[in-house]
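Below is one structure, written out as structure tokens, with a few remarks after it.
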Amino acid sequence: MQCIMPLTLVLMATAALPRAAAQRYPVSGVVELLRNMQSELEAEADKDQEVYEKLACWCTTNDREKTKAIADAESRIADLGSTIEKMTHLSKMLTVEIKNLEKEVAKNQESLD
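FYI, the numbering for the sequence shown is 0 to 112, going by numbering that gives the first Met the number 0.
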């Protein structure tokens with residue numbers, strides 16, 4: 000009887016072992032999957048952060064450059080507008096002067112004939 004008691008305990012433990020192991024493995028598998036997913040997500044988050052930082056830097060730099068280019072272009076437009084006005088006024092003055100000189104040349108031509 001004393002020999003049967005330890006044997007019974009061993010058999011009970013052995014019989015219980017597969018059930019306990021079967022219950023442990025699915026949970027362990029799920030835990031392992033979650034850990035893998037967490038490490039993958041952390042790696043993806045690091046990559047995403049790097050991409051974000053590059054794009055943020057590009058956006059900041061590009062914004063500054065474009066803002067300066069727009070300001071320069073607007074200034075140039077204003078300068079060209081005033082130049083056009085000056086040249087238009089000069090053109091009108093020269094057109095009047097040409098007409099007056101043509102009249103004067105015609106008078107001088109008549110006096111020579």
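Ideal Cβ positions, reconstructed from N, Cα and C, are used throughout, including at glycine.
Our two residues, K65 and C58, have alpha carbons roughly 10 Å apart in a direct line. Taken atom to atom, the span from the alpha-carbon of A105 to that of K98 is near 10 Å. If you keep only unbroken alpha helix (DSSP H) runs of at least 4 residues inside the segment 19-65, you get nothing at all. Separation of I76 and L111 (C-alpha to C-alpha, rounded to the nearest whole angstrom) is 51 Å. Between the alpha carbons of E101 and V95 lies a distance of about 10 Å. S74 and K91 have their C-alpha atoms roughly 26 Å apart.
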